[in-house]
Each structure stands twice: as C-alpha cells, then as structure tokens.
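Chemist: Take a look at the following structure, please.
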Ligand code: HEA
Ligand code: HEA
Ligand code: CUA
Ligand SMILES: [Cu+2]
C-alpha cells in the first residue's frame, strides 16, 4: 500500500467545517443513540409481550409476587434524581458553582441508591430467572434497565470528577448537558418498565 | 425495440412455462400452487425482459462512439407522466397478484366439505419422523409408525409437533410445508391425488442430522390403506420365527426405519456418516448390547459422537419381536 | 516494543488481561455463590469473549482519548498526527482520518470476502456429489453458517460503510466525519467480530452451525461455538450503529454552504436512509442475541417452551432487524449506482426527487414486512396476508428506482467501462432477484419453496448480483480517487464478463432444484439433484477464480498503475474537484454548492465552487476538547 500523497503544509489543521444545522453534533448524536436504546428496550418489551400476552400465562409466574411498593419508592427516587440533574444544569448556566456541585453529587447518590435497592429486591424477590419464562422477562427488563442505570452512573461519575476539577462554565457546559439527557432517558424508561412490569 | 421486447417476452414466457418446475403433481395443493407459479412467471418474465431490453438497446444505440468523448447527453430531469405510469402500473399488478394469491391461499387451506377428514399426528425428533394414527382412524389402538401411508383422494389434516428443536414437515410433491415448533401444535392439510411413493423432507435446519431427516410417504388406494392399517396391528415378525426369517425381516426393518441414513452397513448397502460405521463397531458385540444401543442410545455413547443424536424412540416405535429381528440381523450382518 | 504506548504490543497485553479477568470473575462469582470455585471452561470462555476484545481495543488505544476526558485530565491537544497515512504502517493504528478509516474498512472487508468466499468453495466442493466427501455434517453446517455470517456482517455491511466513509465527507464538503474517534472505534470493532467468528472453528464441538439466522432453541442448545456468533454479532452490530450515528450527524450538521438536502448526491441520500435503518433496527438483533446468551449462560427461559418461553418470539425479533438489514445491504448500493449511471451516461439522474423519496419509502415499508420470513413458521395465520401485501408493495418504490435509472441511460452518451458494466449488470441481475423476491412474498408459493434452494438463489441474486455488483462498480469507480492510480481497464472487463457469466450459471439453476424439492442447508441430498449440483459447483469455482482477476488488478494497479488525474470521469460531485488522492484535510477551503450534483449536459453548470464564502463555523473547531465539552 502506498501512502497517500501528503502536502507538506503541516502546521495548519483542517478548515473549519460549515455548520449546516442549528443542532449541536453532540446533542444530535446523543438523541440518535437514545433512539437505538429505545429500540433495545423495544425488543425486550417484545419478549415481554410474547411471553405475557401471546402465550397467555399468568403474570407474574404462579406464586410469585412483585414488590410494587418498594419499586414505587424506587421510582420516586429515580424521578427526583432527574430533577436534581436538571438543577445541576440550571446552576451551571447561572454560574452557581456550589449549586452545580451539590446537584451532581445528589443526582449521583440518588442513582446509586436506586441501584442498591434494585439489587436488594433481586435478593429478596423469591424467584430466579431460571424458574420460568415470566421470571426471565422480569429479570431481563429490570436488569437491562439496571445496566443502563449503571452506565448512566458512570457518565455521571465522569461529570462529577470534572465538576470538582473546575470544568464547565455558563458558556461551555455541553459535557454536562449531554450525559444529563441520557440520565433523563434512563429515568423515563424506568417509569415505562415500572408501569408495565409491576403495575399492569 | 418494442417489437424486439414483445417477441423476447413471448419467447421468455414460453420457455419459462415449458420447464418442468415442480416435482410430480401429487396433491390438489400442488396443482393450485403450480398454477399460481405459472401466473407469476407470466407476470414477471415481461418485467425482466423489459429491463434487459432497455439496457441492451441503450447500450447499442447510445454507447459512446469515437469523437464523442467530451459530449454530454441532453439534460432531461424527469417526466411526470412517465413517473406516474411506472408507479401505478406495478402497483396494480402487485395488487392483482396479491388478490389471486389470497384466493389460492384460502383454497388450499379450506376444510373439505364433507367432514370425513383423516387426522394424523406428525412428530419430529432429532433426526427422525414418527407418525401417529389416532384410534378413530385405526378403529383399534392408536398406531405409531415411521412410515407414512395415506389413502388417495382424501383430505388429511396433519398435527405437527416436535420433541426438541424446530423441524419442518415437507412433502415436495404435495407442495405444502410447516414448521414443528416446540410448545405448539401446528396444522396443515393436503389431499393426495396420485398413487406413489414420495419423499418426506425436514426443511428446517435442526442440527447435524438435518440432511438425513428424511422419510417416505406412500399414497395408496383406500382399500389398501385399510389393509395396511390392519397389518400394522399384527406383528411384522411372527413370534418364534426361525433365525433366517428373523434376519430377513430385520434387514427390511433396517431399511424402512432409515437406520442407513446415519450408519454405514455394507450388507444393507447404506453409507450414512452421522453415526458410527456399524460394520466396524459391531464386530463381536453381543446381542444384549446391540439391543441396548438401539433402545437407549444415550446409555452408552460411542466414542467421538454426541449424545442425543440417535433417536431414542425406537424402543417405543418398534415392537419386541421387531427389535429381536433387527438385533439378529445386525449380529448376522456384522459377523 | 513498548507496552505503555498504544499499539499492538499493548493490545496483546490487553487480551491477556481480559482473559485473566474472565477467569477471576467466573471463579469469584462461583465462590460467592458457595459453589466449588473450580474453573468452568464454558463460563470462562463466554466472559473472555467479551473481556478479551475490550482489552484488545483498550490496548490498541481506541479509548485513550475518552479515558483522559472521563477523568477530566487535559486531553491531548490535536496535532493532527492521527490524520493521513504516511506509510502502510499507519493503516494498522488507531487513525482518525476518515480516508484512512475508509481504506481500512474496505481492505479488511475484502479480506473477509475472500475468506467467506473460500468457505463457499468448500460448501460447493462438498455438494458437488451426493453423499459425504470432504467434511462431516457438523463441519458442513459450520461452513455455510460462517460463510453467510462473515459475508453479511463483515463484508457487505461494513464495505458499504467503508466506501461511504471515504467519499461521503468529501461529497458534502466536510473536512472529516462528525466524530472521528468514534469512527476509528467503529472500524476496530470489525476485525474483533470477524476474528471471533472465524475462531469458532477451534471451539470444542466445532463452529457455530445454526445458519446465520441462529434460530432458538437450536442455538440455545448448540455447542459452545455458537457463542462466538452470539457475541461476535454484538461487536459487529455496535460497529454499525456507531457508524450510522456518525453518518447521520455528519450529514445533518456538516454539509457545505448551499448544499440543501435536495442538492445532495444520491449516495449521501442512500447512506442517510441506510443509517436510519441501522440506528432503528440493529438493536433488535443485539437483543435477540442477548436473549440467546442469557438462556445459554444464565439459565433464562426466553425460548424454553417447557417453562412458558416462546420460541417464535426469537424469529419475530430477529427478522424485525434482519429484514431491514437486507435493505441495509442494498440501499448504499443504490446510491453508488446513481452516481455511476449519471456520470457514465452523461445525463442528470432522471427524477432525482423521486429517487430520494423512494429510498425513504423503502425505509418505512421495510419495517412492516418482517414476517414474510415466517410464512411457514407456525405463527398466527392472520399475519400472513397483510405481510404479503406490504412485502410485495416494496416492489413499487424499488421499481421507481430501476425505471428511473433506465430513463437516465436513455439518450445518454454511455461510457461502457468497468464501473458502468457492473452497474448495468446490477440493473438486470437485481431485477431478477427482486422479482423472485416478489414471488416469495406470495404466501402459497412461499409455502412450497421456503427453506429450499429457491431461497438460496434469491439470496445470491440480490446479494451477489445486487449488492456485490454495486460494490465492485463503486470500488472501480473510486479507485483512482482513493489510490491516485488508474486500474487496468482490460482486466476490469475480463473480471466483469467472467463473473457475470459464471454467477448466472451458479445461481440460476438453484431456482429449479429448489422448486423440485431440494431443501437448503443440507450436507447431503437425493440422487435426483446430482447433475445440477455438479454443474453448479463447477460454475461456482469459476466465480471464485474470476474474483482473483479483481484482486490481481487491484494489487498491481495500486502499486504501479498509471497516475490518475483529479477528475478522470469528468464528474461534478465534490470529491472529484480535489486532487487524487485528496489532500490530507480534504479541502483547503470549504466549497460552496451552487447547483445540483448531476447537471450533465447543462451548459456551464457547476455543483460546487471554491470561493472564500462565509462559512458558519462551530464555536470550537475540531480538535482538543475544551473544558466544557
Ligand atoms: C440485498 C438483500 C435483499 C434484498 C434487496 C431483498 C429484497 C426482497 N426480498 Fe429477500 N431475502 C434476502 C435478501 C434480500 N431480499 C435474504 C438474504 C433472504 C433469506 C434469509 C434467510 O432465510 O437466510 C431473503 C428472503 C426473502 C423472503 C423469505 C423467503 C423464505 O425464507 O421463505 C421473502 C419473502 O417474501 C423475500 C422477499 C423479498 C422482496 C419482495 C424483496 C423486494 O425488496 C424486491 C424488490 C425489487 C424488485 C421487485 C425488482 C425491481 C422492480 C421492478 C422492475 C418493478 C416492477 C416489478 C414488479 C411489479 C414485480 N426475501
Ligand atoms: C453477501 C453475501 C454472499 C455472497 C457474496 C455469497 C457468495 C457465494 N455463496 Fe452464499 N450465502 C449467503 C450470502 C452470500 N453468499 C447467505 C446469506 C447464505 C444463507 C446461509 C444460511 O443458510 O444461513 C448463503 C448460502 C449459500 C449456499 C447454501 C448453503 C446451504 O444452504 O446449504 C451456497 C451453496 O452453494 C452458497 C454458495 C455461494 C457461492 C458459491 C458464492 C460465491 O459467489 C463466492 C465467490 C467468491 C469467492 C470464492 C471469493 C474469492 C476470492 C479470493 C479467492 C481472493 C482472496 C482475496 C483476499 C484474501 C483478499 N451460499
Ligand atoms: Cu429436522 Cu431438519
Ligand atoms: Cu425479508
């Protein structure tokens, strides 16, 4: 293979790209990524639909009980973390560094609490995924969501580190906003999972 | 060009219809489906010919000649009327074909007017088919066999099940097929119209024996069907038959059960390679062991082979005397 | 050799660490559950198949930038050392230049074509005669399964992404893709997925042998080799989603001034449509394989009918991806053909807007037809007729495209060189394959031919006569741009004619033996089909040999071909307005688009001009992330 001919004007970078849409690339990228995440959940809900509705077996599996109340509390926890995430962004825009730090720490801790309660629920729920297809779907959907919470928490952790390292300003805070969008998505997805798996 | 196109289409259709596409037309379903295919050919050959003709004509008439290296074609950007035509015409053609297919579909699946349909169970298992004739058909006990026998001109409704993975019950000459799905019983019906013996094929990949998961269906006159049913309830091998008769009967069983699909056995002229070569492995093995190998193949797995490949149903589908005969034959053939 | 700097030594270390981690995880989980913490080979293998590739990618340096970003360390200021390739070694590094990545993609996927094609040769060798000759049935099933999986997931899909990677930013006047580092990661996921699928031949019990469709419950019960598919597909799928996302963002946000959507070349449109399909559909195949993995590794019961699982659910989820996937494997080819036919016929594309809209129509319709693969699956019967209609209706937008290309040819000045020959070959062969698709949509006929060689014929007419012909056309067409050299025209024609004839001899008779009753995916077949199968096998070897002409042409022309001018085809689209190969940053100034891309024959028409226009730039230029990013 031959190297592409390289002109020798080394010290100049690429010409700045034309921006042909108002949306920022990073935000658009995150939105598209969320679309494909929604489809992953869509596939798991398809499994749920087939195993619960099409085969017409009882839900949850016979003799199993789902802890609706605890999961409800957990829902509230996750939803409030969405609010604190929103505050974090607001505080950043206003230049309120203390508020930004408090906001991101609270959001992170709320997320950790959610995950902790979820794991605790697995330990006490009294059935295993190998017991029945219904149990598999239960663990599949909640576990998929749990994995997303975990990824969201990782992103929040990065943001948290950078917040305490003095990054972000009212003018430049995209690195905080974009993970925030993801976190909101994780929360909304939980509400859907909660309603379909626990309540309906 | 138009003339050339029409002539080419006509030739194309004639050629396409002249080919014997389908195997024998052995059921009403085959007849209807092959007619549908003829219609599809008549509709699609002209489309293909149209595209090819335009390409060839364009190549002949508009290819670049010397001196045209720097010329461009006329800047035509579109033509609404043409575009409407080539949207609407294919759409109409498609709707027509779908309607006709729908009619054929209804037709090949509808129950016969008189409700005296045969009901037969089809059971797939890696890698063999078994067929169940319920009591209302046999008039006596339920009958399970590895050979499918059907009376001619009578609608049959198959109920298809499986013991393990997905299989697919297909008789090419009947032109119908359907998967056997774990957890479900699926159904289809055919009306055989032609006497003869046809292959039964598993059409869904089901593991390493998929290609040998074949069997046969025999379409016979109603009277012979009844005679066959009656025969099945009497043992194929008389109790206390002499050794020679046993060996002869065993050889037949070996062939009709499809053992040869998986095993090589010189005496039976079979060359299957899914399972061990019986000529080699059975030398000097005693009868009891051979019998166990057949009835409960997973009890002792031959070295280098996986469990669960050889069907474990022979203990049920073969009667004791048949097993005796089979074992006697194997002992004799591999001496 | 340094284990600290990114590169292959560190990547090797990464693999070892990954495997070690897999051992550690499995043993400690077993200990945690109070089981005997002995080594459980299958479990370790499954974890290692995930951990080792990640170790490899980390070691190679695909994540270095993001790690620094994540901990808020100052990211390395971009010195553009990741741009351009100075020697062949640069093609073996994590490089962020879309042109280098494009070449990496194309060369890698052609290697996989060679490998997948060789598997086909082995399949045909075995099928030349009834009975078993060369391989045992298990190996045979492995061969066609890997053949199809490699050619679909590691050839057709990525090679289109590679071609578009190279030309798409140039075509829309962008200096690079929107996310160059993600682009590099997308590429490096591919060799990982490919090597994994090939390594499955070494697994105990043999390669995955359940076809490229991997239907449950066969796949949940198959030997461990199956997991190489299950996990390999995840890597390939992640790669295609990341690339698609990158294309979409690039097309939406980085077009040159003046390039409205309806001034975009149709290749850009085609990749826009394809990327939408990928982003929406690919997660479904990922999920279907998650289910299989969960059933296999953790004892879930998604497909265990005895415990309430639903076997048909697998097929619904799989085909909800894999039908759109066949358009993922075709629409970019439509884009390539539009470019070539307009340039080589010296005429504007006939009905440009309908060409763009029909792409979108195919995208939308493509999501409504998946169950046409399940007409004989035993699913609910009422689904069949609606799906038959939607499936057949796709012929209408596809027909619009075919007829518009024909109209573009008409009255043009046809340059019948190799790219054009392949384009015309595509027009006719894809029509044949598409029409056989329409016959398959007709439920009663499909009931008879489903799972037979008729399907195999359809597959290859659309994928070989369709997709692969467009790929050959595109590679010849952009060869001068990419390498700066001309390919050998005479060899190109030889390649086309031998391939075209042998291809038809191979796959046309399959229609017939399929209807006559030969099922697909069989290692052995009834004596009646012996004659045709021998004929097919011989013809298929000729197809294989004809591909060697192509390889020879590419290699020798790249090394010693005639130097190519900037615009050998007198094309109007932007990639031809820069030198061959293009300068390191594509453009010194971003061009301004003033007209349509295909105004051939319009006196004085131009598509783009290079003037110092006011370019609306992003607040921060590409490069080091500022503290707020
Ligand atoms: C590039 C890949 C590709 C493409 C583009 C297509 C395109 C089409 N396919 Fe195909 N298909 C596959 C790849 C592809 N397919 C593969 C790989 C399988 C097998 C999977 C497996 O089981 O392993 C398969 C299987 C498959 C089946 C399932 C068969 C079975 O397993 O039983 C069906 C059934 O409906 C089908 C239909 C169609 C149709 C209607 C189109 C249409 O989109 C075609 C439209 C195009 C045209 C019709 C030609 C041009 C149009 C005109 C000139 C206009 C006028 C035409 C008419 C009015 C008819 N395909
Ligand atoms: C893009 C897709 C693609 C391509 C290009 C091909 C190409 C070929 N295919 Fe394949 N095929 C599929 C996709 C494809 N196939 C799919 C999806 C299936 C279904 C599988 C399933 O059932 O699950 C299938 C199944 C399939 C079967 C049916 C198997 C069965 O059901 O039992 C057969 C049998 O003949 C076959 C044959 C061939 C042949 C002879 C070629 C030939 O055209 C190949 C020719 C090419 C070469 C031989 C390459 C030669 C190149 C070199 C020698 C150069 C080396 C170069 C480098 C190393 C850089 N294919
Ligand atoms: Cu049973 Cu294939
Ligand atoms: Cu399809």
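Chains as they are written, first to last, in my numbering: chain C, 1 to 200; chain S, 201 to 535; chain V, 536 to 1164.
Glycine is no exception: its CB is placed at the ideal position from the N, C-alpha and C atoms.
1) With 8 Å as the threshold, decide whether the Cβ of residue 971 of chain V is near any Cβ in chain C.
2) Output needed for residue 428 of chain S: all residues of its chain with C-beta closer than 6 Å, excluding positions within five of it in sequence on either side, in chain order.
3) From what residue to what residue does the alpha helix (DSSP H) around residue 207 of chain S run?
4) Under 8 Å by Cβ, that's how I've got residue 958 of chain V and residue 1021 of chain V pegged, so tell me the actual separation to the nearest angstrom.
5) Count the other C-beta atoms from every protein chain shown that fall within 10 angstroms of the C-beta of residue 720 of chain V, then say buried if there are 16 or more, exposed otherwise.
6) How long is the line joining the alpha carbons of residue 207 of chain S and residue 213 of chain S, rounded to whole angstroms?
7) Less than 6 Å between C-beta atoms, sequence neighbours within five positions excluded: which residues of the same chain meet that for residue 93 of chain C?
8) In angstroms, rounded to a whole number, what distance separates the CA positions of residue 215 of chain S and residue 868 of chain V?
9) At which residue ranges does the region 502-531 of chain S contain complete alpha helix (DSSP H) runs of 4 or more residues, listed in the order of the chain?
10) Closer than 8 Å by C-beta to residue 331 of chain S: which residues in its own chain qualify, once you throw out the five before and the five after it? Chain order, please.
11) Using three-state DSSP, classify residue 200 of chain C as helix, strand or coil.
12) Just jot down, in chain order, the residues whose CB lies closer than 5 Å to any heavy atom of ligand 3.
13) Specify the secondary structure class of residue 404 of chain S as computed by DSSP and reduced to three states.
14) Can you list the residues of chain V that residue 406 of chain S reaches, using a CB-CB cut of under 7 Å?
15) Could you name the residues whose beta carbon sits closer than 6 Å to any heavy atom belonging to ligand 4, keeping them in chain order?
16) Give every residue of the same chain whose Cβ lies closer than 6 Å to the Cβ of residue 78 of chain C, excluding the five residues on either side of it in the sequence, and list them in chain order.
17) So with CB distances below 8 Å, who are the chain S contacts of residue 836 of chain V?
18) With DSSP as the reference, label residue 20 of chain C as helix, strand or coil.
19) Using a cut-off of 7 Å between C-beta atoms, extract the partners of residue 287 of chain S located in chain V.
20) In terms of residue numbering, what span does the alpha helix (DSSP H) encompassing residue 30 of chain C cover?
21) Just list the alpha helix (DSSP H) runs in the region 891-948 of chain V, keeping only unbroken ones of 4 residues or longer that don't cross its boundaries, in chain order.
22) Which complete beta strand (DSSP E) runs does the region 781-834 of chain V hold, if anything under 3 residues is left out?
23) Compare the C-beta of residue 945 of chain V with all C-beta atoms of chain S and state if any pair is closer than 8 Å.
24) Residue 310 of chain S by DSSP, collapsed to three states: which one?
25) Using a Cβ-Cβ cutoff of 7 Å, what residues of the region 763-785 of chain V are near chain S? List them in chain order.
26) For residue 412 of chain S, which residues from the same chain have a beta carbon less than 7 Å from its beta carbon, with the 5 sequence-adjacent residues on both sides left out?
27) Measuring CB atoms only, is the region 1129-1141 of chain V touching the region 1093-1108 of chain V, in the sense that at least three cross pairs come out at less than 8 Å?
28) Mind checking residue 1087 of chain V: buried by the 16 CB within 10 Å criterion, or exposed?
29) Figure out for me which residue from V/782, V/982, V/839, V/723 has the closest Cα to the Cα of residue 771 of chain V.
30) Three or more C-beta pairs closer than 8 Å, one from the region 242-253 of chain S and one from the region 963-978 of chain V: is that the case here?
31) May I ask you to list the residues that DSSP assigns as paired with residue 227 of chain S?
32) Should residue 622 of chain V be counted as a contact of ligand 1 given a C-beta to heavy atom distance under 7 Å?
33) Can you name the residues of chain V whose CB is closer than 8 Å to the CB of residue 262 of chain S?
34) Under 8 Å, do residue 750 of chain V and residue 850 of chain V count as touching if we go by C-beta distance?
35) Do residue 301 of chain S and residue 685 of chain V have their C-beta atoms within less than 8 Å of each other?
36) Output yes or no for whether 8 Å exceeds the beta carbon distance between residue 788 of chain V and residue 713 of chain V.
Modeler: According to the structure data:
1) Locating residue 971 of chain V in the third chain gives position 436, where the first residue counts as 1. No, no contact with chain C.
2) The residue labelled residue 428 of chain S in the question sits at position 228 within the second chain. Correct list, in chain order: 349.
3) As a working note, residue 207 of chain S is residue 7 in the second chain. Where residue 207 of chain S is concerned, the enclosing alpha helix (DSSP H) stretches over 202-218.
4) On the third chain, position 423 is the one that residue 958 of chain V refers to. On the third chain, position 486 is the one that residue 1021 of chain V refers to. Going by Cβ atoms, the distance from residue 958 of chain V to residue 1021 of chain V rounds to 18 Å, so no, they are not a contact pair.
5) In the third chain, counting from the first residue as 1, residue 720 of chain V sits at position 185. Per the 10 Å Cβ criterion, buried.
6) If you number the second chain from 1, residue 207 of chain S lands on position 7. If you number the second chain from 1, residue 213 of chain S lands on position 13. If you take the alpha carbons of residue 207 of chain S and residue 213 of chain S, they lie about 10 Å apart.
7) Taking the first residue of the first chain as position 1, residue 93 of chain C is located at position 93. Once the five neighbours on either side are set aside, the close Cβ partners of residue 93 of chain C are 170.
8) The residue given as residue 215 of chain S occupies position 15 in the second chain. The residue given as residue 868 of chain V occupies position 333 in the third chain. For residue 215 of chain S and residue 868 of chain V, the distance between alpha carbons rounds to 32 Å.
9) 514-517
10) The residue you call residue 331 of chain S lines up with position 131 of the second chain. Correct list, in chain order: 320, 321, 322, 323, 344, 345, 346, 347, 348.
11) Along the first chain, one-based indexing puts residue 200 of chain C at 200. In this structure, residue 200 of chain C counts as coil in the three-state DSSP scheme.
12) S/367, S/402, S/406, S/410, S/413
13) One-based indexing of the second chain puts residue 404 of chain S at position 204. Here residue 404 of chain S sits in coil by DSSP.
14) If you number the second chain from 1, residue 406 of chain S lands on position 206. Neighbours of residue 406 of chain S on chain V, chain order: 753.
15) V/858, V/861, V/907, V/908
16) What you label residue 78 of chain C is simply residue 78 of the first chain in a count that begins at 1. Within the same chain, residue 78 of chain C has close Cβ partners 114, 187, 190.
17) Numbered from 1 along the third chain, position 301 holds the residue referred to as residue 836 of chain V. None at all; the shortest Cβ gap to chain S is about 11 Å.
18) Reading the first chain from its first residue, position 20 is the one you call residue 20 of chain C. Three-state DSSP puts residue 20 of chain C in coil, outside helix and strand.
19) On the second chain, position 87 is the one that residue 287 of chain S refers to. Within 7 Å Cβ-Cβ: 931, 935.
20) Translated into the one-based positions of the first chain, residue 30 of chain C becomes position 30. Start and end: 25-48.
21) 919-928, 930-944
22) none
23) Taking the third chain and counting its residues from 1, one reaches residue 945 of chain V at position 410. Closer than 8 Å to some Cβ of chain S, the Cβ of residue 945 of chain V qualifies, so yes.
24) Stepping through the second chain from its first residue, residue 310 of chain S is reached at position 110. Note: residue 310 of chain S maps to coil in three-state DSSP.
25) none
26) Translated into the one-based positions of the second chain, residue 412 of chain S becomes position 212. The residues are 327, 461, 462, 472, 474.
27) yes
28) As a first step, residue 1087 of chain V is located in the third chain; it is residue number 552 there, counting from the start. Residue 1087 of chain V should be labelled exposed.
29) The residue given as residue 771 of chain V occupies position 236 in the third chain. For residue 771 of chain V, the nearest C-alpha among the options comes from V/723.
30) yes
31) Position 27 of the second chain, counting from 1, holds the residue named residue 227 of chain S. Looking at the DSSP assignment, residue 227 of chain S forms a beta bridge with S/392.
32) Translated into positions along the third chain, residue 622 of chain V becomes position 87. Because no heavy atom of ligand 1 lies under 7 Å away, the Cβ of residue 622 of chain V does not count as near it: no.
33) Indexing the second chain from 1 puts residue 262 of chain S at position 62. Within 8 Å Cβ-Cβ: 880, 944, 945, 946, 947, 948, 949.
34) Here the question's residue 750 of chain V lines up with position 215 in the third chain. Here the question's residue 850 of chain V lines up with position 315 in the third chain. Yes.
35) Taking the second chain and counting its residues from 1, the one referred to as residue 301 of chain S is at position 101. Taking the third chain and counting its residues from 1, the one referred to as residue 685 of chain V is at position 150. Contact: no.
36) Locating residue 788 of chain V in the third chain gives position 253, where the first residue counts as 1. Locating residue 713 of chain V in the third chain gives position 178, where the first residue counts as 1. Yes. Within cutoff.
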